[in-house]
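Participant:
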Amino acid sequence: MSLQIIKSGLLDTIQDQGRYGYQHLGINPGGAMDRFSSQSGNALLGKYLNSPVIEMHFPSPVILFEKETIICITGADFSPTINNKSIPVNQPIAINKNTRLHFEKKLSGACCYLAVLHDLDIDEWLDSYSTNLVAGTGGFNGRALKKRDVLNFKNNFEYKFLEEKDFALLPWRATESLSLKKEVRFIKGNEWDWLTVEAIQKFTESNYKVSNNSNRMGYRLQGNPLQVKEDRQLISSGVTFGTIQLLPDGQLIVLMADHQTTGGYPRIAHVISADLPLLAQCNAGDEIKFVEVEHAVAEQLFIEQQRDLLHMQTASKFKMENLFNAM
Amino acid sequence: MPYIHKMNPDELTISPLGDTALIINFGNKIDEILNSKVLHLYDELKKHALPFIKDIVPAYSSLVIFYDLLILENKKSVNRSYMEIVLAYLKKILAEDIKISVLSSRKIKIPVCYSEKYALDIKDISKERKLSPQQIISLHTAKKYRVYMIGFLPGFAYMGEVDEQIAMPRKAQPRTHVEAGSVGIAGRQTGIYPLDSPGGWQIIGKTPLKLFNKEKDEPVLLQPGDEIEFYSITEDEFTNY
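Protein sequences appear in the order of chains A and B. Here the numbering used here is used: the first residue of the first sequence is 1, the next is one more, and so on. Here the numbering used here is used: the first residue of the second sequence is 1001, the next is one more, and so on.
1. Report the CB separation of residue 12 of chain A from residue 280 of chain A in whole angstroms; it is logged as a contact under 8 Å.
2. Can you give the Cα-Cα distance for residue 1112 of chain B and residue 1213 of chain B, rounded to whole angstroms?
3. Counting C-beta neighbours from all protein chains within 10 Å, is the total for residue 240 of chain A 16 or more, i.e. buried, or is it exposed?
4. Ignore the nearest five residues each way along the sequence and tell me which others in residue 1084 of chain B's own chain have a CB closer than 7 Å to its CB.
5. State yes or no: is the beta carbon of residue 1061 of chain B nearer than 9 Å to at least one beta carbon in chain A?
6. Rounded to whole angstroms, what is the Cα-Cα separation between residue 20 of chain A and residue 128 of chain A?
7. Output the boundary residues of the beta strand (DSSP E) element that contains residue 1025 of chain B.
8. When DSSP labels each residue in this structure, what does residue 259 of chain A get in the three-state scheme?
9. Buried or exposed: which applies to residue 136 of chain A, given that a residue is buried once 16 or more other Cβ atoms fall within 10 Å of its Cβ?
10. Decide yes or no for the touch test of the segment 1181-1201 of chain B against the segment 1150-1157 of chain B: beta carbon pairs closer than 8 Å, at least 3 of them.
11. Is there a Cβ from chain A that is less than 9 Å from the Cβ of residue 1234 of chain B?
12. Could you check where the beta strand (DSSP E) with residue 1108 of chain B kicks off and where it finishes?
13. Between which two residues does the beta strand (DSSP E) harbouring residue 270 of chain A extend?
14. Just curious, the alpha helix (DSSP H) that residue 132 of chain A is in, first and last residue?
15. With contact counted as at least three CB pairs below 8 Å, one residue from each stretch, are the segment 163-174 of chain A and the segment 80-91 of chain A in contact?
16. Residue 1001 of chain B: buried (16+ other C-beta within 10 angstroms of its C-beta) or exposed?
17. Anything in the segment 1075-1090 of chain B with a Cβ closer than 7 Å to a Cβ of chain A? List those residues in chain order, please.
18. Does the distance from the CB of residue 1107 of chain B to the CB of residue 1231 of chain B come in under 9 Å?
19. Taking three-plus beta-carbon pairs below 8 Å as touching, is the segment 203-219 of chain A in contact with the segment 314-322 of chain A?
20. Please classify residue 5 of chain A: does DSSP put it in a helix, a strand, or coil?
21. Any chance the segment 193-204 of chain A sits against the segment 1011-1018 of chain B, with 3 or more Cβ pairs inside 8 Å?
22. What's the C-alpha gap between residue 254 of chain A and residue 1049 of chain B?
23. I'd like to check one pair, residue 106 of chain A with residue 58 of chain A: are the Cβ atoms closer than 9 Å?
24. Interface residues of chain A around residue 1020 of chain B at Cβ under 7 Å?
25. When we look at the beta-carbon of residue 332 of chain A and count the other beta-carbons within 10 Å, is it buried (16 or more) or exposed?
Structural data, given as structure tokens:
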């Protein structure tokens, strides 16, 4: 008894930062779609950044907390409530036992994360807690969460500072959160040169719409179709989270967290790691524009994001310890 | 003595794959020697166990190295990007005198029941290629195949190359459900579905072996570089396997 799913959402899965070291066996990394927000929830709780969290989409689940704990909701804003009272995102919140977390409506974003201070008793498979839905393993029984699932807390520390209150906001919050903007930066891909001059112009100047046919494996884009100089075949080779592939009909797909390990379509570009979170937060119908950056700039932006998360984690850990010591 | 080839750094190209990986390309073709080079570089990199390497993904004729920028931070300087640090390590490894053999490391025999019950497309291939089902089975079991790479699904081995007479394009309309164990053909490749999945390969039989087992320490049966032979079993043998 700790945390129970009262009503399941569209797709609620346990995710961490991915399963690496097994792609040579066709086992993909998976992991959270929005790597920044999934880590920032842990950072605000002072937890290890790679700790597993619950990834939710909208409609979202209703969750009953059977024990007192501290949670943090990050990523998409689905107007969360505790026992029908609004709570903020990007801020740690102490919640009492027998309280219900509910999400009212989709305000912004597509992937919402729930981080919990207690460690969840879930399955580790090949060094990761991420749910691999295709292989049916990892996370919670290798599947999406459903009604009546109970996730137990592994560690048993108990505290009481809420008394009769349902919840209390802790006095710190994220100084920086993801800005949801339309520009997605990219670096040139391995088959960039296959594109015609006109195609390159179209790719960088027109808007692309995220299609309905998008999921954790990939986001399909609708826009100006792109042409290649000549029809060439590519032997299957490695791809990565963010690879923009050109499909035979001239449309694009961006590979997301659950992408296959290899692919045979031309890789015209790669969304930079630092901007993958904002792409992950796009909903079907959202329009994006691609902007090129240099490889070294992409590295720098990503490392700065990671440093920010580490600073947030260190500061929060210190605050959390003070809070517990004061009790 | 097997053929011995040397790794020649001039024959390959190295380029970024996004901002946290490098791809080493040995050529855009399906070739045993190129694939052996890929797998030997894979083994060498594994041996070096560089702490910043997160994952290494060998394919037909290329290899991707995923690296962790945070672990490289103490080596970073103003005039050197993270990628350049990894590149320097890689070039040092490539400069070592690596000799490569095309001998396979493991030989595995795989039982397949080719009876119509499981060989959903054998009749079509038979008509298309003007071969009897028995001839198709003989051609498929006559050759030794190399596992070039694993991809698509956990444990899905891309093997080659089947006899030209039974080479078939993928189905125009992929099936929404192919059962785990199904043996298929696509072009001159042959492969086995490790899990129930949608799929477009032409199905010619089914193996009772488990290609993927999540409970095992080594969840995947076949590895790149393995040498595979298929042998025919009856429906009874399949059921009692």
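All C-beta atoms, glycine included, are put in the ideal place defined by N, C-alpha and C. All figures in this text were calculated on a predicted structure; none of them were measured in a lab.
Facilitator: On the basis of the data shown:
1. If you number the first sequence from 1, residue 12 of chain A lands on position 12. If you number the first sequence from 1, residue 280 of chain A lands on position 280. The beta carbons of residue 12 of chain A and residue 280 of chain A sit about 16 Å from each other, so the pair does not count as a contact at 8 Å.
2. If you number the second sequence from 1, residue 1112 of chain B lands on position 112. If you number the second sequence from 1, residue 1213 of chain B lands on position 213. Near 18 Å, if we compare the C-alpha coordinates of residue 1213 of chain B and residue 1112 of chain B.
3. Locating residue 240 of chain A in the first sequence gives position 240, where the first residue counts as 1. By the neighbour-count rule (16 or more Cβ atoms within 10 Å), residue 240 of chain A is buried.
4. Numbered from 1 along the second sequence, position 84 holds the residue referred to as residue 1084 of chain B. Excluding its 5 nearest sequence neighbours in each direction, residue 1084 of chain B has no C-beta neighbour in its own chain below 7 Å.
5. Here the question's residue 1061 of chain B lines up with position 61 in the second sequence. Yes, residue 1061 of chain B lies at the interface with chain A (some Cβ there is under 9 Å from its Cβ).
6. Residue 20 of chain A sits at position 20 when you count from the first residue of the first sequence. Residue 128 of chain A sits at position 128 when you count from the first residue of the first sequence. When rounded, the distance between both Cα atoms is 8 Å.
7. Along the second sequence, one-based indexing puts residue 1025 of chain B at 25. Segment 1021-1025, the beta strand (DSSP E) holding residue 1025 of chain B.
8. Against the first sequence, residue 259 of chain A aligns to sequence position 259. Looking at residue 259 of chain A - three-state DSSP - the assignment turns out to be coil, as it is neither helix nor strand.
9. The count along the first sequence starts at 1 and reaches residue 136 of chain A at position 136. By the neighbour-count rule (16 or more Cβ atoms within 10 Å), residue 136 of chain A is not buried but exposed.
10. When C-beta atoms of the segment 1181-1201 of chain B are compared with those of the segment 1150-1157 of chain B, three or more pairs fall below 8 Å, so the two segments count as touching.
11. For this step, residue 1234 of chain B is matched to residue 234 along the second sequence. Not an interface residue.
12. On the second sequence, residue 1108 of chain B is found 108 positions in, with the first residue counted as 1. Counting along the chain, the unbroken beta strand (DSSP E) around residue 1108 of chain B starts and ends at 1107-1113.
13. The residue you call residue 270 of chain A lines up with position 270 of the first sequence. Start and end: 267-271.
14. Locating residue 132 of chain A in the first sequence gives position 132, counting from the first residue. Element bounds for residue 132 of chain A: n/a, residue is neither H nor E.
15. Between the segment 163-174 of chain A and the segment 80-91 of chain A, the count of Cβ pairs shorter than 8 Å is three or higher; the stretches touch.
16. Along the second sequence, read from residue 1 onward, the residue named residue 1001 of chain B stands at position 1. Any reading at residue 1001 of chain B must be qualified, since the residue scores a pLDDT of 36, below 50, and its modelled position is unreliable; no value is offered.
17. Of all residues in the segment 1075-1090 of chain B, those with a C-beta nearer than 7 Å to a C-beta of chain A are 1081, 1082, 1083, reading in chain order.
18. The residue given as residue 1107 of chain B occupies position 107 in the second sequence. The residue given as residue 1231 of chain B occupies position 231 in the second sequence. Remark: C-beta atoms of residue 1107 of chain B and residue 1231 of chain B do not approach each other more closely than 9 Å.
19. Judged by pairs of C-beta atoms under 8 Å, the segment 203-219 of chain A does not touch the segment 314-322 of chain A, as fewer than three such pairs exist.
20. Stepping through the first sequence from its first residue, residue 5 of chain A is reached at position 5. Of the three classes helix, strand and coil, the one that applies to residue 5 of chain A here is strand, per DSSP.
21. No: fewer than three Cβ pairs fall under 8 Å.
22. Residue numbering aside, residue 254 of chain A sits at position 254 when the first sequence is read from its first letter. Residue numbering aside, residue 1049 of chain B sits at position 49 when the second sequence is read from its first letter. Counting only the Cα atoms, residue 1049 of chain B lies some 31 Å from residue 254 of chain A.
23. Taking the first sequence and counting its residues from 1, one reaches residue 58 of chain A at position 58. Taking the first sequence and counting its residues from 1, one reaches residue 106 of chain A at position 106. It is a contact, given that the beta carbons lie within the stated cut-off.
24. For the purposes of this step, residue 1020 of chain B is identified with residue 20 of the second sequence, where counting begins at 1. Neighbours of residue 1020 of chain B on chain A, chain order: 273.
25. Here chain A covers residues 1 to 327 and nothing more, so residue 332 of chain A does not appear.
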